[in-house]
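Peer 1:
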Amino acid sequence: MAAVVNINTAINSIEKPNECRDVLELNLPFTQTAPLAVKSQYIIEEQFQGYKGILHGGIAATLLDTAMVSCLNQAGIMAMTVELTMRYHSTIHISDLVIIEASVEKERHRILHMTASLLVNDQCCVSAKAKFMRTG
């Protein structure tokens with residue numbers, strides 16, 4: 001018989017680091033632009049291409065999720081991603097300077113609704129909406 005685990009018990013047992021681990025090890029310096037908003041920039045490296053010369057979509061998703069987690073961490077909020085919806089508007093090329101932005105739009109119950117975007121030359125190339133659940 002499979003063990004039944006209460007989700008809140010499981011979440012509370014997770015080690016809570018002071019900051020989220022930078023999965024890609026990019027060491028992106030996110031700057032707080034408002035109490036619940038952050039911004040950073042990054043020049044896309046060749047190792048992150050999917051099709052030749054183009055940023056891999058999964059890396060774009062990781063950049064946006066990382067930005068949203070950084071936004072929450074800087075506000076002292078511990079939470080985990082429970083939903084992530086991506087929109088790819090145009091390609092991002094290797095060597096492009098990308099502006100990464102993320103912010104909390106609202107909170108309802110324990111769910112934080114967030115948005116994030118990757119911009120190149122002031123054009124939104126990739127956007128995301130996400131829901132995060134408070135863990136602490």
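Read left to right, the sequence shown gives residues 1 to 136 (UniProt numbering). Even glycine gets a Cβ: it sits at the ideal position worked out from N, Cα and C.
#1: In whole angstroms, what is the alpha-carbon distance linking Gln-32 and Cys-71?
#2: Using alpha carbons as the reference points, say which of Met-114, Thr-135, Leu-36 and Leu-118 lies closest to Gln-74.
#3: Measuring only the C-alpha atoms, how far is Glu-45 from Gly-57?
#4: Name the residue from Ile-111, Ile-99, Val-120 and Lys-39 whose alpha carbon lies nearest to the alpha carbon of Lys-131.
#5: Straight-line CA distance for Glu-107 to His-113?
#6: Please list the terminal residues of the continuous beta strand (DSSP E) segment that includes Thr-49.
#7: Could you give the distance in angstroms between the alpha-carbon of Val-126 and the alpha-carbon of Ile-94?
#8: If you draw a straight line from the C-alpha of Leu-63 to the C-alpha of Ile-77, how long is it?
#9: What number of angstroms, rounded off, separates the C-alpha of Thr-135 from the C-alpha of Val-82?
#10: Could you tell me if Leu-55 is buried or exposed, where buried requires 16 or more neighbouring beta carbons within 10 angstroms of its beta carbon?
#11: By the DSSP assignment, the beta strand (DSSP E) with Ala-61 in it spans what residues?
#12: List the endpoints of the continuous beta strand (DSSP E) containing Phe-132.
#13: What first and last residue would you give for the beta strand (DSSP E) that runs through Ser-103?
Peer 2: Per the coordinate set shown:
#1: 7 angstroms
#2: Minimum Cα-Cα distance from Gln-74 among the listed residues Met-114, Thr-135, Leu-36 and Leu-118 corresponds to Leu-36.
#3: 14 angstroms
#4: Ile-111
#5: 6 angstroms
#6: Just to set this straight, residue 49 is Gln in the shown sequence, not Thr. Per DSSP, Gln-49 lies in no beta strand (DSSP E) segment and is marked neither H nor E.
#7: 15 angstroms
#8: Rounded to the nearest whole angstrom, the C-alpha separation of Leu-63 and Ile-77 is 19 angstroms.
#9: Rounded to the nearest angstrom, the two C-alpha atoms are 11 angstroms apart.
#10: buried
#11: Run containing Ala-61: none in the beta strand (DSSP E); it sits in the alpha helix (DSSP H), 57-74.
#12: 123-134
#13: 97-108
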